[in-house]
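Reminder that position 67 of the sequence shown reads as 67 in our numbering, one-by-one numbering, no gaps.
Ideal Cβ positions, reconstructed from N, Cα and C, are used throughout, including at glycine.
Note sheet for the following structure.
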Amino acid sequence: MAHVVIGIPGDPQLYLADTQAGTVTPLAPQAQSPLHAADQLRQGGATIVKGVNLAIAVGAAAKAASGVLDG
Numbered sequence: 001m002a003h004v005v006i007g008i009p010g011d012p013q014l015y016l017a018d019t020q021a022g023t024v025t026p027l028a029p030q031a032q033s034p035l036h037a038a039d040q041l042r043q044g045g046a047t048i049v050k051g052v053n054l055a056i057a058v059g060a061a062a063k064a065a066s067g068v069l070d071g
């Protein structure tokens with residue numbers, strides 16, 4: 001899998017990460033799509049996970065690279 005949709009608490013924007021290309025771009029889900037419905041749920045506080053087994057928000061890339069996993 002080379003693409004991951006990311007939503008960050010407090011940020012209404014969704015992002016699409018392309019892990020093969022090394023890019024992250026804004027993503028606008030189509031109205032009435034399942035992704036739009038999931039986005040509405042996550043904006044209400046839900047956490048939705050599918051197809052990934054580790055996702056951790058960190059305060060800085062250097063912390064993650066050193067193995068520190070606190071924000």
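Beta-carbon proximity check, Leu35 vs Val4, cutoff 8 Å: Between Leu35 and Val4, the gap from beta carbon to beta carbon reaches 8 Å or more.
Ranges of the beta strand (DSSP E) found wholly within the stretch 23 to 61, counting only runs of at least 3: Counting only runs of 3 or more, we get 23 to 27.
Own chain partners of Val24 with C-beta closer than 8 Å, once the 5 adjacent residues on each side are dropped: Beyond the five residues adjoining it in sequence on each side, Val24 comes within less than 8 Å, by CB distance, of Ile6, Tyr15, Leu16, Ala17, Asp18 in the same chain, given in chain order.
Euclidean distance between Cα positions of Gln40 and Pro26: Their Cα atoms are separated by approximately 16 Å.
Reduced DSSP category for Ala17 - H, G, I as helix; E, B as strand; rest coil: Assignment of Ala17 by DSSP, reduced to helix, strand and coil, places it in the strand class.
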